């Protein structure tokens, strides 16, 4: 047994003295041992001081060294073995195959960023050579590359205890960028956090990195998380969670003497547009596929299909038939935490009692800690009249908006808040209608997908897991995929700096073998 | 005479009915005719509605069309001819050669962004092809490119009536990105603004673009500017001006139901570090060069050298001698506006009366509307004890911080706020000391330059005119150079979108001939 209730402050493993947190067995609600001590203000101070001290030496490492570090973390996570999966299953209520897949994804993310470091494109190296003879004024030698922002605070997410938690996407991309990371563990999975935290700490030690490169703190209240965002040494924040939580952190970050960027992935209902041709061709099958996506992982995905938009007719009737049949067979599923289950019951309860909403179908009965899937419907008119119908209900709940025609569909789309994804189900005959909507959809969401659902976010170079506010705090970014590293970088220009003092990315002879822009032209000089 | 006191709301040229603004002859303080009507709320509403209506058709244009539009603006500015220079000289008090140079720079910026559009790298096109056979799950086809944010509000800057005003860098980069622009003219140069505004309006018409692509409003108070930032159709803001002005806009933008990015370039004192070797070799010459940079354009540059940091000794004495001699010969210079002159007199007056500060040298006496150059000094100890000594005094005022040793230099640097530039004067023997400081300087500023001064910002691909807060509101960006276009873009991912519906940048066969990342690898497929 290697779960000791410890947090990691640089090279130390120490139990916090500020209250006690317990993991909860998601399926039974019973306490898991041991208890985890919450961080004190002194712990926070020490973690921040160590991160600040680590920043310069850590970011000065060659990209290859940081790549090897990320790979070492992945290897160490693998090496935890069965204990990690079992503890994570208990704390999250998620089934083994999902968590084995999530572990693979977590390691894959770390390795993806190792590749990003070796590629070097993230540095955006640019050189405008001096033009000493230019008239009326000579041009100096100008060179640009990206540098890391500084220590980053990462908040673990409840719904991805591995892939968006201690060594998840935010941590991997910040470490890749050259930023030390302080993680505030999510209190829903402290044991999982400790196991992964120890894997990261070991990689720091084995690779001989400065100890402050990584720390992991527990928070028995909100003081430590909020203090982390307010600390002047922290220069950016990664967060996945509720809109209330994300906007609270945005406010703290904006009120600092030096405001910092907050990358909060907050809430999204991920509209699904069913075009008439697709409904006609395979309405019932789409309905079944929809329920499979809706109920995956008890519906606890940021990209869960929470809103269906379609024009009434036989095709939609078939869709509803397929969905209703499928959802009736959907077993109530253990939710991540008692609190999330409570919020889900409140959210679906509100919809059940909503005058403008009818219940179309539901899964097998829920009960303590288990969420009952629910499928509701309303008219476009009602949807447009009730803004609260856009509120995310985190879990396997979705709302069908029945439209009379394409104009109503367009009105519903125009009324929507920013989203992570929008899914289109269509056949060739629907292409013209879809093409007309595409410019609106590009403004609405970070990812547009066809004949599928947003759940299952591929970790890749062309992925965007982000979108206009309020789906995220900053729609110019993605938290999944290789582009996520850009969140933690800023450009610096060097003018007439002697060659010996230039960063390797910008030196003559291109020692890193990068693609660089010379006078604006991309090449591998 | 083509100055009619008109603003431009889409295709209309109309005098505003909300109060009257007059250009002021900077040298004499007398009113220039005609008067300019301030925009009403109805004008603002109409400009925003037109910008929103223009957004979709404008951004859908092929990059080549937008490039031709930017070039047409440049041509039209050239075609205004002498009237533009004369009016701008009167309104700004800046001399002819400076404004002829600034006009060339303005046209150069527009043409640079035409080149950026033709290159297409700003789209960051990425394709991860489908892997239908992958186990355990197939990979969908994923494609990513950048899309424009939406209509952008640009605030003209007082100190660059051409290059950072109506058709300046913010406007050029936003239009290049595909964003319609509404400019709030700076009230210091309404006539210059009208002339340039008409040139842009004509280009919109001649190129057959949607009229809302560009509007220009005057504001007789603050209501229109603030209303612009608060309007839900505006999706980003470009601003160059004071810290008070910039932070006020940041607050409005953050308090919107949908917060938006504000790119405010605000205040910077641009530290100059004089290393011992350089002081020994050419202290006096550096002193003379410093005063030439300090007094250029009456010191009214964002990158004006407002702070000198050096170790005491003979070399520094020589520098001070050179600077003192040079500043004594510096003529008092007309400042941009009576208000800027007043603020300069207040700022230098405060330093003259500051117990911790001594006056080292000054230019010929100022007087009404003319600023007298001033060079002050203090000790490192005093500098560290008085945070107000970091306040920017906009104009030809600078402060020398005398340090006893390298440790004190490091302490002074550590105490500095974020800056646009930091300049290093050094010889080969100083390289080791400079190398030690470089990591701190990279955190401090957006541009590090050697043996020169920050004034004279090259418009290029490797330029960064930006820096950590409070020099700008968002240190992840630059407002000068080709990278400035990134401020107005966000990534969108298309998953399994039928080829016919894909944007051209992502279509098979690469019709735009772009460099694209295929499976993460850069190439010109």
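Residue numbers (our numbering), protein chains in the order written: chain A, 1 to 525; chain B, 526 to 1050. All residues carry an ideal CB built from backbone N, CA and C; glycine is no exception. Computed from a predicted structure; not experimentally measured.
Contact between residue 1031 of chain B and residue 668 of chain B holds, since their C-beta atoms are separated by about 4 Å, short of 8 Å. Taking every protein chain shown into account, the CB of residue 634 of chain B has 16 or more other CB atoms within 10 angstroms, so this residue is buried. Close partners of residue 583 of chain B in chain A (Cβ separation under 9 Å) are lacking, with about 11 Å as the shortest Cβ gap. Excluding sequence positions up to five before and after residue 495 of chain A, its CB lies within less than 6 Å of the CB of 140 and 142, all in the same chain and listed in chain order. Under DSSP, the beta-bridge partners assigned to residue 20 of chain A are A/37. Non-local beta-carbon contacts of residue 1018 of chain B in its own chain, meaning distances under 8 Å to residues more than five positions away in sequence, involve 667, 668 and 669 in chain order. The residues 180, 210, 212 and 213, in chain order, have a CB closer than 6 Å to that of residue 54 of chain A in the same chain once the five nearest residues on each side in sequence are set aside. Less than 7 Å separates the beta-carbon of residue 233 of chain A from that of residue 48 of chain A. Rounded to whole angstroms, residue 418 of chain A and residue 238 of chain A show a C-alpha spacing of 19 Å.
In chain order, 140, 495 and 496 make up the part of chain A whose C-beta sits under 8 Å from the C-beta of residue 977 of chain B. Annotation for residue 361 of chain A: the continuous beta strand (DSSP E) segment containing it runs 358–362.
Against residue 1003 of chain B, the close residues of chain A are 491, in the order they occur along the chain (beta-carbon pairs closer than 7 Å). The C-beta separation of residue 243 of chain A from residue 57 of chain A comes to about 38 Å, leaving the pair out of contact by the 8 Å criterion. Proximity of residue 461 of chain A to chain B, defined by a Cβ-Cβ separation below 7 Å, is satisfied. Residue nearest to residue 112 of chain A within the set A/398, A/36, A/263 and A/170 is A/170 (criterion: CA-CA distance). If you look at residue 184 of chain A, you'll find it in the beta strand (DSSP E) that goes 181–184. At the C-beta level, residue 717 of chain B and residue 616 of chain B come within 7 Å of one another.
Taking C-beta atoms as the reference points, residue 546 of chain B and residue 533 of chain B fail to come closer than 7 Å.
Of all residues in the stretch 224–240 of chain A, none comes within less than 7 Å of chain B when Cβ atoms are compared. Taking the beta carbon of residue 1000 of chain B as reference, the chain A residues within 7 Å of it are 490, listed in sequence order. Excluding five sequence positions before and after residue 857 of chain B, the CB atoms of its chain that fall closer than 7 Å to its own CB belong to 888, 889, 890, 891, 892, 895, 896 and 897, given in chain order. The beta carbon of residue 632 of chain B does not come within 7 Å of any beta carbon belonging to chain A, so the residue lies off that interface. Look at residue 644 of chain B here: in three-state DSSP terms it is helix.
One alpha carbon belongs to residue 377 of chain A, the other to residue 310 of chain A, and they sit about 11 Å apart. Separation of residue 459 of chain A and residue 1044 of chain B (C-alpha to C-alpha, rounded to the nearest whole angstrom) is 11 Å. In the displayed model, residue 785 of chain B falls within coil according to three-state DSSP, outside both helix and strand.
With the rule of 3 Cβ pairs closer than 8 Å, the stretch 405–417 of chain A counts as touching the stretch 435–443 of chain A. Collapsing the DSSP output to three states places residue 167 of chain A in coil.
Closer than 7 Å to the CB of residue 964 of chain B there is at least one CB belonging to chain A. Contact between residue 860 of chain B and residue 812 of chain B fails: their C-beta atoms lie close to 24 Å from each other, not under 8 Å.
Put simply, the CB of residue 458 of chain A is near chain B, with a gap under 7 Å to one of its CB atoms. Sixteen is the threshold: when 16 or more other Cβ atoms of the shown chains lie within 10 Å of the Cβ of residue 557 of chain B, as they do, the residue is buried. Per the C-alpha coordinates, the member of B/566, B/986, B/540 and B/565 positioned closest to residue 559 of chain B is B/540. Residue 12 of chain A and residue 1046 of chain B have their C-alpha atoms spaced approximately 40 Å apart.
Around the beta carbon of residue 832 of chain B, 16 or more other beta carbons lie within 10 angstroms, which makes this residue buried. Burial state of residue 102 of chain A is buried, judged by a 10 Å Cβ sphere holding 16 or more other Cβ atoms.
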